[in-house]
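These notes concern the structure reproduced below.
Protein chains in written order, with my numbering: chain V, 1 to 118; chain W, 1001 to 1113.
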C-alpha cells in the first residue's frame, strides 16, 4: 500500500529564515510520481511540483527547492528566505504509474502547516 | 486560477438530504477526480473518471455517486447526508490518467446540520 508521511505537523519561523518540509513515502512500485501542493488560507490547492521516480535531480524554482532521494524514500521541500506569503499548509502526495492509461489517485500526507511570522 | 471550476462554493443542508456538486475541468483535460478533505481524515481520494468512464474508486461511500458527462463536466451526488459528511470537496482534473499533475478547483464546502 502507498503511504506518505509528513511528520512535521506545524512549523513556525521568522521571515527570511530558511525552512525545510519533510516528506517520506512508501510504495512497492518502481515507477511512481511525487508531488507537492500548497493550500493557502483561502483554501484552494495549488500545484507546485511533480517528480517521477526515475529523475532524482534536485530542482530549484526561485526560492523553492526540492530534494528527492530514493535511497531514503524522501522528497523534501525547502523554502529559502521565507516570506509571510509562504504561510500555508503544504501537502506531499504520491501516485503510482499505470501503463495503458490506468487510474491515478493521489495519496496525500497529512500536511505541514507553515507559519511565517513577520 | 487553476482553470477548474466548482459550484457551489458553499452548501448548507440538513441530515438526510441529497446534494449535487458540480465540476468543470480545465479545457483539454479528460480526467476528473473527486477528493474529500476533512479534519479527521485529511485529503482522501473518492473517485476518478476519464473521458466519461469510471477509472478508479477510493474510499467512496455507497451513498455517494458520481458521473462524467459527454462535455466532460462531472457531478458528485451525496445522499442521505450525515453530520460526518461535512467537509471540503475538491474536484481536480488532468490531461491524462497516469503521471500527470492534477489541478484542483476551489472546492465546495459542505456543512450538514
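Note that the Cβ used here is the ideal one computed from N, Cα and C, for glycine as well.
- A straight line joining the alpha-carbon of residue 51(V) with that of residue 1013(W) spans about 40 Å.
- Bridge partners of residue 15(V) according to DSSP: none are assigned.
- Relative to the Cα of residue 115(V), the nearest Cα in the group 16(V), 32(V) and 66(V) belongs to 16(V).
- Below 8 Å, too few C-beta pairs join the region 66-78 of chain V and the region 1009-1025 of chain W to call them touching: fewer than three.
- By the Cβ-count criterion, residue 1071(W) is exposed, with fewer than 16 other Cβ atoms from all chains shown falling within 10 Å of its own Cβ.
- Distances from the alpha-carbon of residue 5(V) to those of 93(V), 105(V) and 118(V) put 93(V) closest.
- Nearest to residue 1004(W) by alpha-carbon distance, out of 1063(W), 1082(W), 1095(W) and 1113(W), is 1095(W).
- Chain-order list of chain W residues neighbouring residue 105(V): 1033, 1045, 1048, 1056 and 1058, by C-beta distance under 8 Å.
- Within the region 44-73 of chain V, 44, 45, 47, 50 and 52 place their CB atoms closer than 7 Å to a CB of chain W, listed in sequence order.
- By the 16-neighbour rule on beta-carbons within 10 angstroms, residue 1090(W) is buried.
- When C-beta atoms of the region 1031-1046 of chain W are compared with those of the region 74-85 of chain V, fewer than three pairs fall below 8 Å, so the two segments do not count as touching.
- The bridge partners DSSP lists for residue 54(V) come to none.
- Listed by position along chain V, the residues whose Cβ is nearer than 8 Å to that of residue 1025(W) form an empty set, because the closest Cβ is around 14 Å away.
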